[in-house]
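Q: In the numbering used here, the protein residues as written are 497 to 1221.
Take this structure first; my questions come after.
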């Protein structure tokens, strides 16, 4: 994890209004004006996407005192509920935004003047407050999704205080407001909305549809159990409801189930049913649009998360397929076999298929009735390859959000996934095809981007700026999509990283540009083989690590650190005692190989020797760490730590040279080095007392390794902290 290097490499920025949890959400990004709009408790932020810490415009918009009092009297959480949590920010015209907040369980909306150009530095409320009912959920913990089209707002939210009436709603319109059929579980059943997008369907803009992605609780065939499923629903933006039936209700509403599952060898299917986040990756053709989704499992026994990707063409095929219908004595779902009325239910008026029908009020009654009774498609939507791209089970984290970038490398195009977790980290993952038609996912790097470890709530990516933006309850962070310098200064390291953003340019690992014509640029994402890519760059020079000395205490635990350059590398430990040959370390209950090194419990004198940490990746072998372990006897440690109570107290009257005779040569060397470092440290402290107070310098050399052991620290706990911002 490259936490400590982020600020030093100028690839990390962090911003927060206050130190407390304020539930930040990235709500809108305007790359044309280089601005990003973020909502949180009582504030909305206009941020510069070049650097979120520069030129941030902050607007304070709290709920009224009366509404806060009413909220608290109703028993709502005063901290996480009775505030104005901004949940809707949409562009209204060239100069104004439309913004809504939860308003302490009384949703409110206003217009914001943002000016015509960012240089104007304008960001202020420019209207009276109006009701946000039907535009924003009352409960800030319940998601609100929204899309603004032609100054009409389309929202997926809960429309009431109790949170029982979910709706997909069109408001802010000169036409009549339209919503889903109220309290009709065939349409919506306790949904949690995740995202919404306008997606074209052919060349005629009238055929474009609004897609709402959500998860909901559906009753099984027995009618007793409600299971969570992920669904996608769509409506036509120009739908104004029916003439006699479904008045002011959607007459084009249809929905289908999205499946993300793994088929086991025994034929059982493991489902990841809860959609957490989704991302649209645009391609040259609308039907080639890719939909990436992060899913988690609902089982109380099995926990995990997965990433599935869907082709828009497959989604359209399902919506053009058979409708679901309950039939038979057990009321089972079957494909509808009867006559389907014309125009086909779900078709938009005025489009390529219905040029003679201008509005939905002209639809025949049988079309409207069919939609009301058959809103569900029979076939589910399966991911590409009918399997997830990425699966994580038995991990101590779950994925919460996703953003994807299309990257051109020397050997083809690759999709790089940025996956936020509930531990406050972001994984950068690339998926490669393997020989058995399955996918191999590689974690290129994992970043901790917050001081604490709150779940990542949203991710936004700017391919234009090559930046990633991350939000959590405690703030926002910005990181570069690539940190090529972090992969080291060797051609082999750069090649083994298999990062499509980076290539070896003959001198260093640097940003790869497809238009570059330098012959020395080396990159191999598919195979990552430095033996073929790095000929002539002195591979052997990087295979040996510098020797380091580490001290352990007899009968205490010691830890030999080894950090492979890549998570994909396999690790092997060897030991060389005195002048003997190198032998593989025998792993036991006392000697354990961990992710970050070798753990030796109850170290003994026989454990002394030169340890080699060897890694192998794609047949390329190297020595990552070379550590000479010296084990100190308890007698020596006691003498150094407490002369008065030690059995070696008599030695205080001896001359140093006479005292050293009592120890082995290795221990004598350690004592001399300790005394030297101790003297230097004492002199340094005396100089610092004569100067203005500054942080003490770090321990150096062998003292840095010996001091913790002499302080009787029996375990090592490695923690990386976010740099102070």
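Don't be surprised by glycine CBs; every beta carbon is placed ideally from N, CA and C.
Could you pull the start and end residues of the beta strand (DSSP E) that residue 566 belongs to?
A: Note, residue 566: premise wrong, no beta strand (DSSP E); alpha helix (DSSP H) at 561-569.
Q: Identify whether residue 544 lies in helix, strand or coil by the three-state DSSP scheme.
A: Here residue 544 sits in strand by DSSP.
Q: Kindly indicate which residue of 531, 790, 671 has the alpha-carbon position closest to the one of residue 615.
A: Cα-wise, what sits closest to residue 615 is 531.
Q: For residue 815, which residues from the same chain have a beta carbon less than 8 Å from its beta carbon, with the 5 sequence-adjacent residues on both sides left out?
A: Here the set comprises 730, 750, 752, 842, 873.
Q: Would the beta-carbon of residue 914 fall within 7 Å of that of residue 927?
A: No, the Cβ-Cβ distance between residue 914 and residue 927 is not below 7 Å.
Q: Tell me, please, whether the stretch 559-572 touches the stretch 594-611 by the rule of three or more beta-carbon pairs shorter than 8 Å.
A: A contact exists between the stretch 559-572 and the stretch 594-611.
Q: Once you ignore the five residues that flank residue 776 on each side, which residues in its own chain have a CB closer than 7 Å to its CB?
A: So the qualifying residues of the chain are 693, 785, 787.
Q: How close, in whole Å, do the beta carbons of residue 1083 and residue 1056 come, if the pair is a contact with beta carbons under 8 Å?
A: So it is not a contact: roughly 13 Å between Cβ atoms.
Q: Rounded to a whole number of angstroms, what is the C-alpha to C-alpha distance between residue 540 and residue 1122?
A: About 52 Å.
Q: In this structure, what does DSSP give as the bridge partners for residue 1125?
A: Bridge partners of residue 1125: 1046, 1105.
Q: State the Cα-Cα distance for the pair residue 938 and residue 515, rounded to the nearest angstrom.
A: One C-alpha to the other measures close to 35 Å.
Q: Check whether the Cβ atoms of residue 724 and residue 710 lie closer than 7 Å to each other.
A: Not a contact, by the Cβ cut-off of 7 Å.
Q: Here's the rule: buried if 16 or more other CB atoms are within 10 angstroms of the residue's CB, otherwise exposed. What is residue 575?
A: Its Cβ having fewer than 16 others within 10 Å, residue 575 is exposed.
Q: Once DSSP output is grouped into helix, strand and coil, what is the label at residue 644?
A: Residue 644: strand per DSSP, three-state reduction.
Q: What residue from 687, 705, 699, 697 has the CA that sits closest to residue 714's CA?
A: Closest by alpha carbon: 687.
Q: With DSSP as the reference, label residue 844 as helix, strand or coil.
A: Coil at residue 844, not helix or strand.
Q: Can the beta-carbon of residue 635 be found closer than 7 Å to that of residue 659?
A: Yes.
Q: In chain order, what residues of the same chain have a beta carbon less than 6 Å from the beta carbon of residue 553, not counting five sequence neighbours either side?
A: Hits under 6 Å: 542, 619.
Q: Looking at the structure shown, is residue 969 part of a helix, part of a strand, or coil, going by DSSP?
A: Coil at residue 969, not helix or strand.
Q: Just checking: is the beta-carbon of residue 734 within a distance shorter than 7 Å of some beta-carbon in chain C?
A: The structure shown contains no chain C; it holds only a single protein chain.
Q: Restricting to Cα atoms, I'd like to know which of 637, 736, 622, 684 is closest to residue 672.
A: Residue 736 is the option with its Cα nearest to residue 672.
Q: Tell me, please, whether the stretch 871-890 touches the stretch 844-853 by the rule of three or more beta-carbon pairs shorter than 8 Å.
A: No, they do not touch.
Q: Between the stretch 831-841 and the stretch 883-893, do at least 3 Cβ pairs fall closer than 8 Å?
A: These segments do not touch.
Q: If I follow the unbroken alpha helix (DSSP H) through residue 743, where does it start and stop?
A: Taken as a continuous stretch (DSSP letters only), residue 743 belongs to no alpha helix (DSSP H), as it is neither H nor E.
Q: Leaving out five residues on either side along the sequence, give the residues of the same chain with a beta carbon under 7 Å from the beta carbon of residue 599.
A: Correct list, in chain order: 559, 563, 580, 628.
Q: Counting only the same chain and skipping the five closest in sequence on each side, list residues whose C-beta sits under 6 Å from that of residue 550.
A: Same-chain partners within the cutoff: 544.
Q: Straight-line CA distance for residue 650 to residue 664?
A: Residue 650 and residue 664: Cα-Cα distance of roughly 7 Å.
Q: Would DSSP call residue 512 helix, strand or coil?
A: In the structure shown, residue 512 sits in coil (DSSP, three-state: anything other than H, G, I, E or B).
Q: Which runs of the beta strand (DSSP E), 3 residues or longer, sit entirely within the stretch 842-915?
A: Runs of the beta strand (DSSP E) inside the stretch 842-915: 886-889, 895-905.
Q: Is residue 1175 buried or exposed, if buried means 16 or more other CB atoms sit within 10 Å of its CB?
A: Under this definition residue 1175 is an exposed residue.
Q: Considering Cα atoms alone, identify which of 871, 1182, 805, 644 is closest to residue 912.
A: Residue 805 is the option with its Cα nearest to residue 912.
Q: Go ahead and pull the three-state DSSP assignment for residue 1222.
A: The chain is shown from 497 up to 1221; residue 1222 falls before or after that span and cannot be answered.
Q: Could you tell me which of 904, 757, 1071 sits nearest to residue 995, measuring between CA atoms?
A: Per the Cα distances, 904.
Q: From residue 859 to residue 810, what does the alpha carbon distance come to, in whole angstroms?
A: Taking the straight line joining both Cα atoms gives about 27 Å.
Q: Please name the residue in 677, 726, 827, 831 whose C-alpha comes closest to that of residue 820.
A: Considering only alpha carbons, the answer is 831.
Q: Compare the beta carbon distance of residue 754 and residue 726 with 7 Å and say whether it is the shorter of the two.
A: Closer than 7 Å, so yes.
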